[in-house]
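Okay, so here's the structure we're looking at.
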Amino acid sequence: MQRTQRPLLARLAGANPTSVFLLTLVVVLVAFFTPGVIGGLLTLSLAGVLIALLATTWAIQAPQTRLIRLLMLTLLVTVGLAKLL
Numbered sequence: 000m001q002r003t004q005r006p007l008l009a010r011l012a013g014a015n016p017t018s019v020f021l022l023t024l025v026v027v028l029v030a031f032f033t034p035g036v037i038g039g040l041l042t043l044s045l046a047g048v049l050i051a052l053l054a055t056t057w058a059i060q061a062p063q064t065r066l067i068r069l070l071m072l073t074l075l076v077t078v079g080l081a082k083l084l
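Counting from 1, position 4 in the sequence shown corresponds to residue 3 in numbering that gives the first Met the number 0; the numbering is continuous, with no gaps.
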C-alpha cells in the first residue's frame, strides 16, 4: 500500500465487485420504493457516499466518465429532493 492510500480505499479496492453492485442495487431499490421522507433521506445518503467516492477518484477519471457520473449524481440528488417534498 502506498503512503498516500487510505485504509478504507484499500479495503474498497479489494471488495468483490459483484457483491458491491448487488448491495448498492438493494440500497437503491429500497430508497426508491420507500415512500416519503425516509426514502428521500436514503437516496440523499447514497448520493453523499457517491459524492465522496467521486471526489476521491476525480483525478484519475477520463472527462467522459466524469460527465456521466456527474449527470447520474445530479439525477440521484434530484430524485432524493423530490421524494422529500
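Glycine included, each C-beta is placed from N, C-alpha and C at the ideal position. Treat the numbers as computed from the prediction; the structure is a model and nothing was measured.
By a beta-carbon distance limit of 8 Å, L28 does not contact L75. Their separation comes to about 13 Å. The Cβ neighbour count for T56, taken over all protein chains shown within 10 Å, is under 16; the residue is labelled exposed. Apart from the 5 residues on each side of it in sequence, V26 sits with its Cβ closer than 8 Å to the Cβ of L41, L45 in its chain, given in chain order. CA-CA distance, G47 to L22, rounds to 16 Å.
With 16 or more other Cβ atoms from the protein chains shown falling within 10 Å of its own Cβ, G79 counts as buried.
Nearest Cα to L70 within the set L8, L49, A81: L49.
Taking a 10 Å sphere around the C-beta of G35, we find fewer than 16 other C-beta atoms and assign the residue as exposed. When the beta-carbon positions are compared, G38 and A51 stay at least 8 Å from each other.
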